[in-house]
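Only one structure is covered here, and it is reproduced in the block below.
Protein chains in written order, with our numbering: chain A, 9 to 142; chain B, 387 to 1026.
This is the structure in structure tokens:
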């Protein structure tokens, strides 16, 4: 077997494992990224969407934020204009969170219709302009 | 002619930058950009850096730096590459023209005036008011922009059909420069994210972060594979593709950052600038790759791979891994868009995806970091392998054993540190052998021999220093496997404890809250007393800052100022979450981040190594070093 063939075998192994890792990575860690409306549609069609880890991107409904510092509980509602979901989050919200930001809520929708968030990311308003950061 | 056009462009853009800085320092709030990013009470340091705080200013900065680099390339390129220069001037001018037209026609003119003059500007986002933010964006930009020069040379070589190995020499240093800026920019960004954003880490696989990593990966691959082309005349197509790809990725990075097509915590600009970039990216990719394809017949390899156990082969695998990592990071970054296009639903992948992929691939790369420099060119013999690998392998195995005995059970972390030991073993062995050879040959003392070894073979030994820095980074990354975190709500006098992975326990006692006004902000500071296993270590302060405008009205969201107690083993990282209204009861998040200090330290060593490799030397000396390099690389078996 010449060196070129051996190298080709090695290359196929590397490319193959990168491909395999990518496919399995997507399968194991991929999460739906939905708007509240899309979430409502999915749930209506397929109730198994309850209790599935996902991300929901939406606006915080102004005036719905209640923060209990002592128990570190944050409650608010999110909407995309039509569907609306209440969210409960335990922990420290990001600095940029307030009642008029766009958020990405990571968590699960339970049968009680509440999204239990494990993570809340807030997009800062227009003023935090993109400065490429690493 | 072409040269003078680039010089004139450079002069005109420098005047524009000086004018914008002048407007910033004069607080000319009639200029929309000045009003949007600065205010009267903004510290002068940040007023200066507001030049690139916003999109419009960054575009101006981009075009200006490109014209400066372009001019330098035209002036500094040695005489025998002169035939390429008209093409280089053309490519640089085209790219600059794109950025300038975005400014002029894409609604991104930084000199846009307002119909009225506000009394004060709205100030700079507090998260950008950090020393890291003053240096991080320009470093990253310098990295992104300077790739244009090697790209321009690559296109010049393709257009002029002067595709000998010669042109590579002209661009190697530019690629290295770009790589160095990008490395420094990425490290500064990690530092900024760590001390400023308060989430307790330095890398989140955010699309914008990934975008800066992509060209870094492909350039690192190029810096390795270019050696194969120089020495063996192989990989010509591959190297050209890497340079073109790196440049496209840098434009892609700018596009991702500017367009907000991928939801990122860091980037959303509601402007149509993104479309300009997308169009430019597609057009540039189509043009450069079709040119590339027409020239493929001129890019035949001069030699073939002789053995799989050779330096060439190990570099080929190293390149495949770099490009594989780059591809998977690109894939993960674009996955939400791709999945929406293909199946109609957005599916995102987060840090677990990137870690799952890149930890094993990164470890394989780390292993090759040690293996590559030890294997002979062309074909390694068994005695050569034994001679080269005995010591480093022993070091690696002993490192693993010591960690196992010490109780470390995390497989990846163990592998990272053991492979790190192996690589450091190879580097020390190389330095020791080189110094001993000089000692014997010239009778130099060992210290002098080491110094001269490094000075006379900058490229090789500087490269080893970069490898050492990378090892330190990998070990530091492995430390994060042992991160621990806890949250507590404390009244003054109460305390919380957190156990360190090293076995000791920190006790943090809340001493109280103080509030005061500073230059442009109202500060709420919480002070904690820190003790470790009963021994008092000192106090730590963490703040919430509410920035205010000139009239004392609040601007922006409150921001956290993290309290960090850092030593070589671990960081104690304290964030003030909030204070219960009207009381001194406060919520804290305590995090122990092992080995973080080594990230900064490793980054500095990587940069130092890069500088050594790049450091200009006299041409004859460089020739000599090159010859010595080739001979020593092949060891005792053969001379090339």
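C-beta atoms are modelled at their ideal positions from N, C-alpha and C, and glycine is treated no differently.
Here the alpha carbon of residue 530 of chain B sits roughly 34 Å from the alpha carbon of residue 977 of chain B. The C-beta separation of residue 444 of chain B from residue 482 of chain B comes to about 14 Å, leaving the pair out of contact by the 8 Å criterion. Straight-line spacing of the CA atoms in residue 595 of chain B and residue 109 of chain A works out to 22 Å. Residue 986 of chain B and residue 573 of chain B have their C-alpha atoms roughly 7 Å apart. 942, 943, 944, 945, 946: these are the residues of the segment 930-959 of chain B whose beta carbon lies less than 8 Å from some beta carbon of chain A, given in chain order. Residue 979 of chain B is bridged by DSSP to B:957. Taking a beta-carbon distance threshold of 9 Å, residue 15 of chain A counts as an interface residue toward chain B. Closest in alpha carbon position to residue 749 of chain B, among B:790, B:610, B:803, B:729, is B:803. The criterion of a C-beta distance shorter than 9 Å is satisfied by residue 33 of chain A and residue 743 of chain B. Within chain B, the C-beta atoms nearer than 7 Å to that of residue 41 of chain A come from 722, 732, 733, 734, in chain order. The C-beta of residue 427 of chain B comes no closer than 9 Å to any C-beta of chain A. The three-state reading of DSSP puts residue 744 of chain B in helix, counting H, G and I together. Residue 76 of chain A carries a strand assignment under DSSP once its states are collapsed to helix, strand and coil.
Taking a Cβ-Cβ threshold of 8 Å, the residues of chain B close to residue 29 of chain A are 714, 742, 743, 746, 747, in chain order.
Within the model, the alpha-carbon separation for residue 80 of chain A versus residue 907 of chain B is close to 25 Å.
Taking a contact as a CB-CB distance under 8 Å, the pair residue 488 of chain B and residue 662 of chain B counts as one, their CB atoms being some 5 Å apart. In the DSSP annotation of this structure, the continuous segment of the beta strand (DSSP E) that includes residue 931 of chain B starts and ends at 921-933. Under the Cβ criterion (8 Å, minimum of three pairs), the segment 557-570 of chain B does not count as touching the segment 669-676 of chain B.
Of the candidates A:65, A:107, A:103, A:30, the residue whose Cα lies closest to the Cα of residue 962 of chain B is A:103.
Going by DSSP, residue 98 of chain A is part of the beta strand (DSSP E) stretching over 92-98. The C-beta of residue 694 of chain B comes closer than 9 Å to at least one C-beta of chain A. In this model, residue 998 of chain B and residue 609 of chain B are separated by some 15 Å (Cα to Cα). In the structure shown, the three-state DSSP call for residue 692 of chain B is coil. For the segment 698-711 of chain B, the beta-carbon criterion of a distance under 7 Å to any beta-carbon of chain A is satisfied by 699, 702, 703, 706, 707, 710. At least one CB atom of chain A sits nearer than 9 Å to the CB of residue 691 of chain B. By the Cβ neighbour-count rule, residue 686 of chain B is exposed, with fewer than 16 other Cβ atoms within 10 Å of its own. Taken through DSSP and simplified to helix, strand or coil, residue 845 of chain B comes out as helix. The Cβ neighbour count for residue 772 of chain B, taken over all protein chains shown within 10 Å, is under 16; the residue is labelled exposed.
Interface criterion not met: the Cβ of residue 455 of chain B is under 9 Å from no Cβ in chain A. Taken atom to atom, the span from the alpha-carbon of residue 892 of chain B to that of residue 642 of chain B is near 42 Å. Judged by DSSP secondary structure, residue 522 of chain B falls within the alpha helix (DSSP H) whose first and last residues are 517-532. Under a criterion of Cβ atoms nearer than 7 Å, no residue of chain B is adjacent to residue 59 of chain A; the nearest Cβ is some 18 Å distant. For residue 912 of chain B and residue 622 of chain B, the gap between their C-alpha atoms comes out near 60 Å. The beta carbon of residue 875 of chain B sits closer than 9 Å to some beta carbon of chain A. If the five residues before and after residue 467 of chain B are omitted, its C-beta is found closer than 6 Å to the C-beta atoms of 556, all from its own chain and listed in chain order.
Residue 78 of chain A belongs to the set of residues whose beta carbon lies under 9 Å from a beta carbon in chain B.
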